[in-house]
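Protein chains: 2
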Amino acid sequence: MPETSRQIRLARRPQGEPVAADFELAHVPVPAPGNGQVLSRTVYLSLDPYMRGRMNAERSYADPVPIGGVMEAGGVGVVEASNFKGLAVGDIVVGRTGWQDYAVSDGAGLRKVDPTAGPISTAVGVLGMPGMTAYTGLLNIGQPKEGETLAVAAASGAVGSAVGQIGKIKGCRVVGVAGGPEKCRYVTAELGFDACIDHRAPDFEAQLAAACPKGIDIYFENVGGRVLEAVLPLLNFFSRMPVCGLISQYNATKLPDGPNRLPQLMRAVLTNRVLIRGFIVRDYADQQGDFLRDVGTWLREGRIKYREHRVKGLENAPATLIGLLKGENFGKVVVEVSEDPTR
Amino acid sequence: MPETSRQIRLARRPQGEPVAADFELAHVPVPAPGNGQVLSRTVYLSLDPYMRGRMNAERSYADPVPIGGVMEAGGVGVVEASNFKGLAVGDIVVGRTGWQDYAVSDGAGLRKVDPTAGPISTAVGVLGMPGMTAYTGLLNIGQPKEGETLAVAAASGAVGSAVGQIGKIKGCRVVGVAGGPEKCRYVTAELGFDACIDHRAPDFEAQLAAACPKGIDIYFENVGGRVLEAVLPLLNFFSRMPVCGLISQYNATKLPDGPNRLPQLMRAVLTNRVLIRGFIVRDYADQQGDFLRDVGTWLREGRIKYREHRVKGLENAPATLIGLLKGENFGKVVVEVSEDPTR
């Protein structure tokens, strides 16, 4: 084991789109775990859109990362030292380990990963936070019914790809929205969505309407902006909108120019009796057992597929997050921080 | 009984704010009821904000009134002739009787009113559609809990006044929003709200924030516009927003100028896990028994009060609706069409 650990910290709060200088790389001694704590070596680091919000000073559903603090992340690691009786050296764990080579965590905050259930990187992907976000948001708020139309924003991403495939399992017509023809082809050909519309197309709104001839019963919101505005006129009576993310507006420094479309949304809500509900995955923490059982089964049966966008090296995490916020990734973003002991 | 009945019909679709010429007065023979039908003489006609939507060509949750069609309304009437075995001449009934002196209705579509339960005009007020809208929207979507803060738009109106008083019964801190100091005084002094803020005040936003020191857990939406925008920054984690009406935007012919506040609302929804849900009273038709029992009891006990804005004469209904849409009424708007046989 080396004597130093690298950390990527928040150097300053971004103005709009983050840049490299908003992050700083530090070298610190590898810490020792205290009572009930575990030292883990990070193997895979998850990068996700919500991280942009943590870089701002405003509290959202979680406290901001302080200036000089280690960037937050979920990670998959291997236990290097343990003072927690439920975990032993060599165990694979997943938890909030942060952007760093080595993390000390309370053992109770880590979950042991079963390496026979699939590649361990899925513990931050389809069998982890993004998969559970998809599962709980769609089932609890979206409440899909056979024959309904489900529209999914960011359809090739970690959450969207799972939402759509679970929607297919539940008998919905599933229409994805993604950025560019390559992602759209993947979403229909590989993931089995009924259609996928490129939001960069000049006639995106018309294409989306044509793909939803019976309107939209569930819109799983990951992006906001133009996609949301195109969905509004298509919402059916008693439609549901789980609001999971708004990636298109995370880098915004001010409200967009007019017209003010707030009244348009409210009119759609009123006349169609729409349900809109924001959520985060930990609101449904008690459903983790159901999630792991169901999605684990579907994964083994080949009914759910996933795609990883892999990047090697902790030092590349900042540039990768910057790209993620621009939609440059293709699939779940995983940073390979150190050697995977299961491969 | 006279031989002719007056009707107020939709002459043309309004452009923006309705004007007198959008309506026309017609005289028709008093119709005869067919099999299963009832002829009623309108005593009280209810005027409500939703009527503006029915004057537009676009379908909302109900079909538009056709050009030349009788304006729709709920009314309280007395049975003049009956071919429906559940109703007899002299019975007081409430139903969708329209803007006319005499209406023929399917007997099954009318509800018999108990004149001992209170003044019969309440069958289109606190014991009718507006009261049931308040009751079902607040209890089903708002889900008030003791100690929570409930903000109510259009607080002196037919729906808002009931929402706030039910909220007090449920143990909430209730903050109303109304137009002008006289209405605000009534809302606090007579209805017992904890505070009421005048949305015409230049510092309305600051006053509302000061009246909600613990934020807003439930916002009962009747108006949209500036009031909604002032509420957004105050919404608490897991707050609920029943969307009942949007009176401030019903006369709009285009979207307001920017900035576009749709992203602001969506951000509030996401970070605070807000629930927004549109509804209309008939979505909860099966709760009518509970409503009549509970609100009837509270009314008898003096725990719920109401105020009527009375106007004499069917011919004055158009001008009264035009005024209602500008907030010129003070309380539930009731048009006295003919003599009340119970007074």
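Protein chains in written order, with my numbering: chain A, 30 to 372; chain B, 30 to 372. We put the beta carbon where it would ideally sit given N, CA and C, even for glycine. Every value quoted in this text rests on a predicted model; they were computed, and no experiment measured them.
Mind pulling the chain B residues with CB within less than 7 Å of Arg290(A)?
-> The residue given as residue 290(A) occupies position 261 in the first sequence. By Cβ distance, chain B contributes Leu284, Asn289, Leu291.
Say whether chain B places a C-beta atom closer than 8 Å to the C-beta of Arg306(A).
-> One-based indexing of the first sequence puts residue 306(A) at position 277. For Arg306(A), the answer is yes, since a Cβ of chain B falls inside 8 Å of its Cβ.
Alpha helix (DSSP H) segment containing Met295(B), residue limits = Translated into the one-based positions of the second sequence, residue 295(B) becomes position 266. First-last of the alpha helix (DSSP H) with Met295(B): 291-301.
Would you give the residue range spanned by the alpha helix (DSSP H) that Thr178(A) belongs to?
-> In the first sequence, the residue the question calls residue 178(A) occupies position 149. Where Thr178(A) is concerned, there is no enclosing alpha helix (DSSP H), although the beta strand (DSSP E) it sits in stretches over 178-181.
Per-residue DSSP class, three states only, for Thr371(B) | On the second sequence, position 342 is the one that residue 371(B) refers to. In this structure, Thr371(B) counts as coil in the three-state DSSP scheme.
Cα-Cα separation between Val216(B) and Pro60(B), rounded to whole angstroms | Along the second sequence, one-based indexing puts residue 216(B) at 187. Along the second sequence, one-based indexing puts residue 60(B) at 31. In a straight line, the C-alpha of Val216(B) is about 43 Å away from that of Pro60(B).
Taking Cβ-Cβ distances shorter than 8 Å, what residues in chain A pair up with Asp315(B)?
-> Position 286 of the second sequence holds residue 315(B). None at all; the shortest Cβ gap to chain A is about 16 Å.
Exposed unless 16 or more other CB atoms sit within 10 angstroms - verdict on His56(B) | In the second sequence, the residue the question calls residue 56(B) occupies position 27. Label assigned to His56(B): exposed.
Would you check if there are 3 or more beta carbon pairs closer than 8 Å linking the stretch 298-313 of chain A to the stretch 330-339 of chain A?
-> No contact exists between the stretch 298-313 of chain A and the stretch 330-339 of chain A.
Just to confirm, are Val133(A) and Leu74(A) a CB contact at a threshold of 8 Å?
-> To locate residue 133(A), count along the first sequence from 1; it is residue 104. To locate residue 74(A), count along the first sequence from 1; it is residue 45. No; because the gap between Cβ atoms is not below 8 Å, this pair is not in contact.
Members of the stretch 44-56 of chain B near chain A, C-beta cut-off 7 Å | none
Note down, in chain order, each residue of its chain lying with its Cβ closer than 8 Å to the Cβ of Glu109(A), except the 5 sequence neighbours on either side.
-> If you number the first sequence from 1, residue 109(A) lands on position 80. The answer, listed in chain order, is Met30, Leu68, Ser69, Arg70, Val118, Tyr131.
CB Leu168(A) to CB Val192(A), shorter than 8 Å?
-> The residue you call residue 168(A) lines up with position 139 of the first sequence. The residue you call residue 192(A) lines up with position 163 of the first sequence. No, they are not a contact pair.
Residue span of the beta strand (DSSP E) that contains Ile333(A), given as start and end = Reading the first sequence from its first residue, position 304 is the one you call residue 333(A). From DSSP, Ile333(A) is part of no beta strand (DSSP E); its letter is neither H nor E.
Contact check, Leu328(A) vs Gly147(A) under 8 Å by CB: the rounded distance?
-> As a first step, residue 328(A) is located in the first sequence; it is residue number 299 there, counting from the start. As a first step, residue 147(A) is located in the first sequence; it is residue number 118 there, counting from the start. Contact flag correct, Cβ pair sits at about 6 Å.
List, in order along the chain, the chain B residues whose C-beta lies closer than 9 Å to that of Asp312(A)?
-> Sequence index remark: in the first sequence, residue 312(A) carries index 283 (1-based). The CB of Asp312(A) comes closer than 9 Å to the CB of Phe267, Arg302 in chain B, given here in chain order.
Interface residues of the stretch 140-167 of chain A facing chain B [CB-CB below 7 Å] | Those residues of the stretch 140-167 of chain A that come within reach of chain B (Cβ to Cβ, closer than 7 Å) do not exist; the list is empty.
Let me know the beta strand (DSSP E) ranges lying completely inside the stretch 93-165 of chain B, each 3 residues or longer, listed in chain order.
-> DSSP runs (the beta strand (DSSP E)) wholly in the stretch 93-165 of chain B: 104-111, 121-124, 131-135.
Put Arg38(B) into one of helix, strand or coil per three-state DSSP.
-> What you label residue 38(B) is simply residue 9 of the second sequence in a count that begins at 1. Of the three classes helix, strand and coil, the one that applies to Arg38(B) here is strand, per DSSP.
Should Arg372(A) be labelled buried (16 or more other beta-carbon atoms within 10 Å of its own) or exposed?
-> As a first step, residue 372(A) is located in the first sequence; it is residue number 343 there, counting from the start. Classification for Arg372(A): exposed.
Contact list for Gln278(B) against chain A, beta-carbon separation under 9 Å | Sequence index remark: in the second sequence, residue 278(B) carries index 249 (1-based). Against Gln278(B), the close residues of chain A are Pro292, Met295, Arg296, in the order they occur along the chain (beta-carbon pairs closer than 9 Å).
Which one or two residues does DSSP pair with Lys341(A) in a beta bridge?
-> Your numbering for residue 341(A) matches position 312 in the first sequence. In the DSSP output, where bridge partners are listed per residue, Lys341(A) has Glu365(A).
The beta strand (DSSP E) spanning Ser190(A) covers which residue range?
-> Position 161 of the first sequence holds residue 190(A). Element bounds for Ser190(A): not the beta strand (DSSP E) but the alpha helix (DSSP H), 187-198.
With a threshold of 16 other CB atoms inside 10 Å of the CB of Ile96(B), please say whether the residue is buried or exposed.
-> Here residue 96(B) corresponds to residue number 67 of the second sequence, with the count starting at 1. It is exposed - the Cβ of Ile96(B) has fewer than 16 other Cβ atoms within 10 Å.
Given Gly124(A) as reference, the closest of Asp135(A), Pro144(A), Gln316(A) once Cα atoms are compared = Reading the first sequence from its first residue, position 95 is the one you call residue 124(A). Nearest C-alpha to Gly124(A): Asp135(A).
Could you check which residue in Val105(B), Ile305(B), Gly106(B), Pro210(B) has the C-alpha nearest to that of Ala230(B)?
-> As a working mapping, residue 230(B) is identified with position 201 in the second sequence. Per the Cα distances, Pro210(B).
Going by Cα to Cα distance, which pick from Asn358(B), Val363(B), Glu368(B) is closest to Ala400(B)?
-> Residue 400(B) falls outside the range modelled here, since chain B spans only 30 to 372, and no answer is possible.
For Arg83(B), the first and last residue of its enclosing beta strand (DSSP E) | Position 54 of the second sequence holds residue 83(B). No beta strand (DSSP E) holds Arg83(B); the alpha helix (DSSP H) holding it covers 80-83.
Supposed contact pair Val366(B) and Val153(B) - C-beta distance, whole angstroms, cut 8 Å | Here residue 153(B) refers to the residue found at position 124 of the second sequence. Here residue 366(B) refers to the residue found at position 337 of the second sequence. With 8 Å as the limit, Val153(B) and Val366(B) do not qualify as a contact, their Cβ atoms being about 11 Å apart.
Could you confirm whether any beta carbon from chain B is found closer than 8 Å to the beta carbon of Ile245(A)?
-> As a first step, residue 245(A) must be located in the first sequence, where it is residue number 216. Proximity of Ile245(A) to chain B, defined by a Cβ-Cβ separation below 8 Å, is not satisfied.
Figure out for me which residue from Pro370(A), Phe52(A), Gln317(A), Thr33(A) has the closest Cα to the Cα of Gly160(A).
-> Position 131 of the first sequence, counted from the start, is the residue given in the question as residue 160(A). The candidate whose alpha carbon is nearest that of Gly160(A) is Gln317(A).
Residues near Ile245(A) by beta carbon distance below 7 Å, same chain, minus five either side = Walking along the first sequence from the start, residue 245(A) turns up at place 216. Around Ile245(A): Thr178, Ala180, Val260, Leu263, Leu264, Asn265, Ser268.
Pro47(A), buried or exposed, once every other Cβ within 10 Å from all chains shown has been counted against 16 = Walking along the first sequence from the start, residue 47(A) turns up at place 18. That one is buried.
Provide the residue span of the beta strand (DSSP E) that contains Cys213(A), from first to last.
-> Indexing the first sequence from 1 puts residue 213(A) at position 184. Where Cys213(A) is concerned, there is no enclosing beta strand (DSSP E), although the alpha helix (DSSP H) it sits in stretches over 210-218.
Identify whether Arg88(A) lies in helix, strand or coil by the three-state DSSP scheme.
-> Here the question's residue 88(A) lines up with position 59 in the first sequence. In the structure shown, Arg88(A) sits in coil (DSSP, three-state: anything other than H, G, I, E or B).
For the candidate residues Leu220(B), Lys212(B), Arg214(B), Val206(B), whose alpha-carbon lies nearest to that of Ala238(B)?
-> Looking up residue 238(B) in the second sequence gives position 209. Among Leu220(B), Lys212(B), Arg214(B), Val206(B), the Cα nearest to that of Ala238(B) is on Val206(B).
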